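Notes to accompany the following structure.
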Amino acid sequence: MLLQILWTIFSLGIVIAIAYFILLLLKKKGFGKVEGTYIKVLDVVQVGQDRQLLLVEVEGKRLLIGVTNSNIRLISELRESKDIHYTGDRDEQF
Numbered sequence: 138m139l140l141q142i143l144w145t146i147f148s149l150g151i152v153i154a155i156a157y158f159i160l161l162l163l164k165k166k167g168f169g170k171v172e173g174t175y176i177k178v179l180d181v182v183q184v185g186q187d188r189q190l191l192l193v194e195v196e197g198k199r200l201l202i203g204v205t206n207s208n209i210r211l212i213s214e215l216r217e218s219k220d221i222h223y224t225g226d227r228d229e230q231f
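Under this note's numbering, think of the first position of the sequence shown as 138, with each following residue one higher.
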């Protein structure tokens, strides 16, 4: 009886370890990442229900794009990385 319990705990530990390492591998490989050869999504911010801002890099150009369910719109082309400024603490409340 004790041997069965120990074997079950050992087997469960092995399964959890394998799952953990598979998740690490998928994270390292960028599973689920939206990225192609020429287009990279640098950042995504959810600004409302079904509304996002995307910072995208295409051929060295950085583009700020607004996305909704029915529309995709170029908001701005950021000419240089110095156009992106840190404006405050992330914990800042409205």
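Quick reminder that beta carbons are idealized off the backbone N, C-alpha and C, glycines included. Predicted, not measured: the structure shown is a model, and the values here were computed from it.
query                                                                                                                                  : result
Considering just the uninterrupted stretch of the beta strand (DSSP E) at R216, what are its terminal residues?                        : No beta strand (DSSP E) contains R216, which DSSP labels as neither H nor E.
For the beta strand (DSSP E) that E194 lies in, which residues bound it at each end?                                                   : R188 to V195
Need the endpoints of the beta strand (DSSP E) that G173 sits in, please.                                                              : G173 -> no beta strand (DSSP E), and no H or E assigned at all.
Apart from the five residues just before and just after Y175, which ones in its own chain have a Cβ nearer than 8 angstroms to its Cβ? : V195 and E196
Could you tell me the alpha carbon to alpha carbon distance between L200 and F147, rounded to whole angstroms?                         : 51 angstroms
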